[in-house]
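Read the structure below first, then the notes.
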Amino acid sequence: MSSLFRSLVLPVAVIAAAGLASPSLASPGEAAVKAALASPSRADQQGDDARRKTEQVLDFAGVKPGQSVIDFLPGSGYWTRIFTNVVGPKGHVFAIWPAWGAKYAAKALPALEARKMANVTAEVQSTDLPSVAHPVDLFWTVQNYHDINNNGGEAALNAFNAAVFKALKPGGIYMIIDHADTPGSGLSGTSTKHRIDKAAVIREVTAAGFKLAGESTVLTNPNDDHTKTVFDPSIRGETDQFVLKFRKSR
Numbered sequence: 153m154s155s156l157f158r159s160l161v162l163p164v165a166v167i168a169a170a171g172l173a174s175p176s177l178a179s180p181g182e183a184a185v186k187a188a189l190a191s192p193s194r195a196d197q198q199g200d201d202a203r204r205k206t207e208q209v210l211d212f213a214g215v216k217p218g219q220s221v222i223d224f225l226p227g228s229g230y231w232t233r234i235f236t237n238v239v240g241p242k243g244h245v246f247a248i249w250p251a252w253g254a255k256y257a258a259k260a261l262p263a264l265e266a267r268k269m270a271n272v273t274a275e276v277q278s279t280d281l282p283s284v285a286h287p288v289d290l291f292w293t294v295q296n297y298h299d300i301n302n303n304g305g306e307a308a309l310n311a312f313n314a315a316v317f318k319a320l321k322p323g324g325i326y327m328i329i330d331h332a333d334t335p336g337s338g339l340s341g342t343s344t345k346h347r348i349d350k351a352a353v354i355r356e357v358t359a360a361g362f363k364l365a366g367e368s369t370v371l372t373n374p375n376d377d378h379t380k381t382v383f384d385p386s387i388r389g390e391t392d393q394f395v396l397k398f399r400k401s402r
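Right, dumping it as structure tokens:
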């Protein structure tokens with residue numbers, strides 16, 4: 153190789169290794185996420201993407217076209233409306249509310265159905281535990297895991313995690329994002345502050361057979377001292393949150 157050729161090629165290799173390669177080299181999942189977030193169909197949501205660190209969280213989860221996803225307790229459908237475009241026509245999204253959460257679907261469910269998203273099934277299930285006819289690639293729950301403890305305690309958490317394990321394919325991903333509580337507080341703040349200790353979540357989920365595959369710190373807020381309820385105006389929308397990624401062992 154000539155010295156001139158090396159001078160042209162080597163800098164490109166260094167840039168690629170540093171993660172600064174051309175956007176055209178993005179994975180299919182990352183490209184699908186970018187396209188989904190830019191979709192005009194969700195213009196009403198896009199102002200919230202930066203605060204939620206949406207792109208970073210989805211890239212960390214590894215969601216991609218063709219996957220099947222459960223969006224558990226989907227709220228107003230923020231994530232469902234993104235997933236529908238990420239997974240595309242060969243994928244499917246299940247936006248589900250458990251029986252105990254039916255009241256939360258009163259307005260959100262009809263609104264999602266009115267959007268007529270062909271690859272989305274939105275429903276209130278007849279039982280408290282999530283279930284699907286066929287195992288999925290990704291189980292997703294955001295700011296809701298702590299609520300399970302408020303609807304049955306630790307026994308309900310154990311049953312829920314077992315149901316998630318059953319609902320996932322081998323190697324499937326279980327994503328939990330929730331409001332962080334003081335380390336060592338366990339489950340004590342789930343009803344009073346709507347927070348949960350990250351270590352307690354890891355303990356419960358790994359006991360169900362999952363492996364912790366990673367943690368993202370994109371939603372960490374060191375200015376949140378964990379003493380306030382998540383609805384306190386001084387911290388609402390800016391709480392310290394953990395982002396945990398678990399994998400179902402093969």
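Numbering of the sequence shown is given in our numbering, commencing with residue 153 and proceeding in unit increments.
No residue lacks a Cβ here, since even glycine has one placed at the ideal position from N, Cα and C.
Using only alpha-carbon positions, find the residue among the options that is nearest to residue i.
i    : options                : result
F398 : T358, T372, N373, F383 : T358
P241 : K255, A195, D289, S220 : S220
D280 : I354, V185, N313       : N313
I348 : V288, D201, E367, D330 : D330
Q208 : I222, T369, T334       : T369
F212 : E182, Q197, V238       : E182
S228 : P322, R267, K259, G305 : K259
S278 : W249, L339, L264, D289 : W249
T236 : W252, A257, A274       : A274
R203 : N302, A270, E390       : E390
K255 : D289, A352, D201, P226 : P226
H346 : Q198, F383, G336, D200 : F383
D299 : A195, T344, G336, V276 : T344
A270 : V245, P287, D289, G253 : V245
S337 : G218, D377, A365       : D377
G253 : L189, N303, M327, D201 : N303
A257 : V276, G243, K268, Q198 : V276
Exposed or buried, residue i, counting other C-beta atoms within 10 Å across all chains shown (16 or more means buried)?
i    : result
K350 : buried
A307 : exposed
A285 : exposed
E356 : buried
R388 : exposed
K400 : buried
N375 : exposed
R158 : Confidence at R158 is low in this model, with a pLDDT of 42, below 50, so its placement is unreliable and the value that follows should be read with caution. R158 comes out exposed.
Y373 : A small correction: the amino acid at residue 373 is Asn; Tyr does not occupy that position in the sequence shown. Exposed, since its Cβ has fewer than 16 Cβ neighbours within 10 Å.
Leaving out the 5 sequence neighbours to the left and right, which residues in its chain are closer than 8 Å to residue i when beta-carbon positions are compared?
i    : result
P282 : I222, F224, I248, P250, F291, F312, A315, V316, A319
S386 : K380
N310 : E356, A359, A360
S191 : N237
A169 : Residue confidence is low: A169 scores 36 on pLDDT, short of 50, so the model does not pin down where it sits. Its coordinate-derived value is still stated next. Closer than 8 Å at the Cβ level, and outside the excluded window around A169, lies no residue.
Could you have a look at residue i and say whether DSSP puts it in helix, strand or coil?
i    : result
P250 : coil
D223 : strand
D299 : helix
R347 : coil
V395 : strand
L371 : coil
V284 : coil
A182 : Reading off the sequence shown, one finds Glu at residue 182, where the question assumed Ala. Here E182 sits in helix by DSSP.
E390 : coil
A365 : strand
G324 : strand
T293 : strand
T379 : coil
V215 : coil
A195 : coil
With a threshold of 8 Å between beta-carbons, can residue i be considered close to chain B, or not?
i    : result
K363 : This model lacks chain B altogether; it includes just one protein chain.
Between residue i and the rest of its own chain, which residues show a CB-CB distance below 6 Å, the 5 nearest in sequence each way excluded?
i    : result
L210 : V185
A360 : N313, A314, F317
T342 : H298, N301, N302, I348
Given residue i, which residues of its chain have a CB within under 7 Å of its CB, disregarding the five upstream and five downstream residues?
i    : result
W231 : D223, W292, V294
R402 : P322, G323
V395 : V209, F212, I329, E367, S368, V370, L371
K205 : V370, L371
Practice task
Report yes or no: do three or more beta-carbon pairs, one from the segment 259 to 269 and one from the segment 328 to 346, lie closer than 8 Å?
Solution key: The segment 259 to 269 is not in contact with the segment 328 to 346.
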